Structure formats: C-alpha cells, structure tokens
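Right, one structure below, let's go through it.
Residue numbers (this note's numbering): 40 to 381.
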C-alpha cells in the first residue's frame, strides 16, 4: 500500500531532507508541497539538487486538497505551526517538526517560547516524538511532536542513565556543538559566511536555550524528581551534525553497560566500544546516532559523547521514523542509508 503524503514548509532544510528521504521510501508518495514565499515554484527552482524528482510544484496551503492525504509533515516555525495544524482535518495524521507540541504544559510553552499556545486543546493529544522511548504511543497517535535536535542528542546520551539511577542527577553538564543548519534556512546576519566561518561560539549561555524545557520535562518525569542539567550549546561552522559531550558522576563501566543494554536492539543507535568517542563525520546524512562512553582520569566520573545529524536523526529522519509507525510501515523503511563519507 502506498500512502499519500503532504509536506508543509517544504522549502526549508527539513522540508528538503524529508523529500530526499521519502524519495527512497517504498510505501510513501508525495502528493502536495506547501510553502509560503516559494508558492508557485517548482522543486528544481527551490532545490536544484532534487530536480530529477517528479514532484508537484509548491503551493500555498489553501490550495491543498486534503481529501486524499494520509499523513502531513509540518515543517513550519513554532507559533505558525500550531495555528496551521489547528485548522487541518481532524482525521489527518500529523508529524509536527516544530516546537509547538513538544511541551505538555501550556505554561512551560509560554515560558520558553514567549507566547501563549493557541491550540491548547491539542497539546494533550500530542505524543512526544523521541521514537526509541515512545514507540507504542507514537504508533497509536494522530499527532506526534518531533523533538528538538539538541534535545534528542542530549536525551540519547542521558535517558538510560537517569532511568537506571547510575549517575548523580545533580551533577550533569551537557556541552553541545551544533551545525549551522540547525538555525534554519532563513537569512540571518550572524549566519553569513564572513560572520560564522573560522570560529565558533557559545550561545544561550546560562540556561536560556529553549530545548531546556524538553530536558526539564523528560528528565524530571524519568527520575520522579526535578532534574536540571547545565547546558551550553555552541554554533560551529559546519553544515550538518551535533556533537554532545556530557560530563557525569558515576562508575564508568556501569554507565557503559547500562547504555549498551538500553540500546542493544535499537536499529539506529550505535554504542561504540568502551573508551571510543564518536564523530559527526561518521553519521552525516544518516539516521544513526553514535554514542561513546569514556572513563575520566578522576575516579567516579565519566564522559558520554553522542553524535547525530541534526537534519536527519535530529529532525526529518526522526519524523519519518515516527510516520512509519503511525502508518503501520516497517519502522526502518527509507532510513537505512549509510552515512556520507568523507
């Protein structure tokens, strides 16, 4: 069976990544591509690297006939996404790549995103889209909220350890490096080549990054008590990838054994041999996440390093993984491509 797919916000980086992935999917066909500023343009005009694909032109959202669509990927900015999703057909399955339905508490959303939620009635319906930990709920869901790419990386490094109680919950430091595509495709002065290249910098320092809302929500629920990590992201002059280096207190061997057991049967999570650290160059363009555990020279401390591609496993690949579950398709379909190297 072939499922008909629509992508809203198809002209952004995550939209392009969805198109690339779905092209290799045996059970999905793109029937509609929605965009604002690029409405009326062909795929060759918007994404020349995809010109070989036979796809519909991009159109404004009001031009889409939803009657034949099985699932919609919504790759719009936060705030815009909730306003659009609120008015979509109630029978339509939706995977939202924005931040609008990630936080279950409307007050937490307003705190981190600076505006009240305009579709509060749908927040209770949304399932958090970290596939490896919400698989059954996602399979039964109509609306799935994709995670933040930084939030996904940090959770892959920490969730099993928090759940097993093998680390000190009050001593977690997360130092994260993210490629520039994580900031989206819109023109921004600080992302110009002359402003960004030949250096990297910390941002949202001191606990202001919005993905902290997801860490607070998910880690606190896991532990049954408040858990607040120290988190500093850094913007690096690379196109793709996230590298999260996490400093924790606990026995390194127990930490490694816990991690290896937790991800033993996960097709997209690779726990490296003890003492080996991952690199973003080894997961680029793929839906894989590599995790390494290294014993620190200080007794009772360890470093956990996780690497993934922010556009694939951190966003569009995760979205497709969730959509497969929602549609009853093999979870790995369209996602087992090898990373790009070099």
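Beta carbons are placed, not taken as given, at the ideal position from N, Cα and C, and that holds for glycine. It should be emphasised that the depicted structure is a prediction, and the values quoted were computed from it without experimental measurement.
Spanning the alpha carbons of residue 296 and residue 213 requires a straight line of approximately 21 Å. Contact between the segment 134-143 and the segment 115-124 is present, with at least three C-beta pairs closer than 8 Å. Selection 94, 113, 224 and 357 evaluated against residue 46 yields 113 as nearest (Cα-Cα). Take the alpha-carbon of residue 323 and the one of residue 282: they are about 11 Å apart. Apart from sequence neighbours up to five positions away, the residues of its chain that approach residue 372 with a beta-carbon distance below 7 Å are 64, 65, 66 and 363, ordered along the chain.
The C-beta of residue 229 has fewer than 16 other C-beta atoms within 10 Å across all chains shown, which makes the residue exposed.
One Cα belongs to residue 104, the other to residue 166, and the distance between them is close to 26 Å. Residue 365 and residue 102 have their C-alpha atoms roughly 25 Å apart. Note on geometry: alpha-carbon atoms of residue 355 and residue 248 lie some 21 Å from one another. Counting the other CB atoms within 10 Å of its CB gives residue 171 a total of 16 or more, which places it among the buried residues.
Across the set 293, 259 and 231, the C-alpha of 231 shows the shortest separation from the C-alpha of residue 278. Between the alpha carbons of residue 76 and residue 375 lies a gap of roughly 33 Å.
Between the segment 286-295 and the segment 333-351 there are three or more C-beta pairs closer than 8 Å, enough to call the two in contact. Residue pairing for residue 68: DSSP places it in a beta bridge opposite 43.
Under the DSSP assignment, residue 132 falls outside any alpha helix (DSSP H), being part of the beta strand (DSSP E) whose first and last residues are 132-135. If you check the CB distance, residue 49 and residue 72 come in under 8 Å. In this structure, the CA atom of residue 370 is about 18 Å from the CA atom of residue 348. Taking C-beta atoms under 8 Å as the contact rule, residue 239 and residue 276 qualify, at a distance of about 6 Å. Assigned with DSSP and collapsed to three states, residue 370 falls in coil, not helix or strand. For residue 129, the number of other beta carbons within 10 angstroms of its own is below 16, and it is reported as exposed. In the structure shown, residue 270 falls within a strand segment according to DSSP collapsed to helix, strand and coil. For residue 197, there is no enclosing beta strand (DSSP E); the enclosing alpha helix (DSSP H) has its first and last residue at 188-203.
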